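Peer 1:
Residue numbers (this note's numbering): 19 to 159.
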């Protein structure tokens, strides 16, 4: 049963938070040279599918959050949220089982005065579900 408090609305779609995580961008292993740091940053800037959540979920990143400090370092954390809607996109024949996406952004800390759900909603402001999410293919054993 879906938690009714877990609902957000984007482009008129009812969206549920299926998962949320954040990881340290450098995990206590900062590169020593600028060249290594640039290569390392490139890997972080283009996150792909999260294996833990499944390989068929498209991932997007909020590029506005990619702001390096004076040392060429990204913000401390990479946040990732898996969003799901029971409604598919442009599917008049009802061939799909809803739609989903993983959204990524960088930041320095969680806002302690708001809940995780509110934080996610705040970060998804102006996000277009119709332009980014993808339909879920039906499971066929």
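Cβ atoms here follow ideal geometry from the backbone N, Cα and C, with glycine treated the same way. Note that the structure is a prediction, hence the values are computed from the model and not measured.
Do residue 80 and residue 109 count as a contact pair if the criterion is CB distance below 9 Å?
Peer 2: In the chain shown, residue 109 corresponds to position 91, counting from 1. In the chain shown, residue 80 corresponds to position 62, counting from 1. Contact: no.
Peer 1: Taking all protein chains shown into account, decide if residue 117 is buried (16 or more other Cβ within 10 angstroms of its Cβ) or exposed.
Peer 2: Locating residue 117 in the chain shown gives position 99, where the first residue counts as 1. Buried is the call here.
Peer 1: Would you check if there are 3 or more beta carbon pairs closer than 8 Å linking the segment 138-157 to the segment 89-96?
Peer 2: No contact exists between the segment 138-157 and the segment 89-96.
Peer 1: With distances taken from CA atoms, which of 51, 90, 75 and 86 is nearest residue 36?
Peer 2: The count along the chain shown starts at 1 and reaches residue 36 at position 18. With distances taken between Cα atoms, residue 36 lies closest to 75.
Peer 1: Can you tell me which of the three DSSP states residue 153 falls into?
Peer 2: Your numbering for residue 153 matches position 135 in the chain shown. DSSP places residue 153 in strand when its eight states are reduced to three.
Peer 1: In whole angstroms, what separates the C-alpha of residue 51 from that of residue 63?
Peer 2: Position 33 of the chain shown, counted from the start, is the residue given in the question as residue 51. Position 45 of the chain shown, counted from the start, is the residue given in the question as residue 63. Answer to the nearest angstrom: the Cα atoms are 18 Å apart.
Peer 1: Fully enclosed by the segment 88-159, which alpha helix (DSSP H) runs are 4 residues long or longer?
Peer 2: Taking only runs of at least 4 residues, the alpha helix (DSSP H) segments lying wholly in the segment 88-159 are 134-141 and 147-150.
Peer 1: Excluding sequence positions up to five away, which residues of its chain have a Cβ less than 6 Å from the Cβ of residue 113?
Peer 2: Walking along the chain shown from the start, residue 113 turns up at place 95. Excluding sequence neighbours, residue 113 sits near nothing in its chain.
Peer 1: Please go through the same chain and pick out, in chain order, the residues whose beta-carbon is closer than 8 Å to the beta-carbon of residue 71, but skip the five residues on each side of it.
Peer 2: Within the chain shown, the letter at position 53 stands for residue 71. Once the five neighbours on either side are set aside, the close Cβ partners of residue 71 are 36, 37, 100 and 120.
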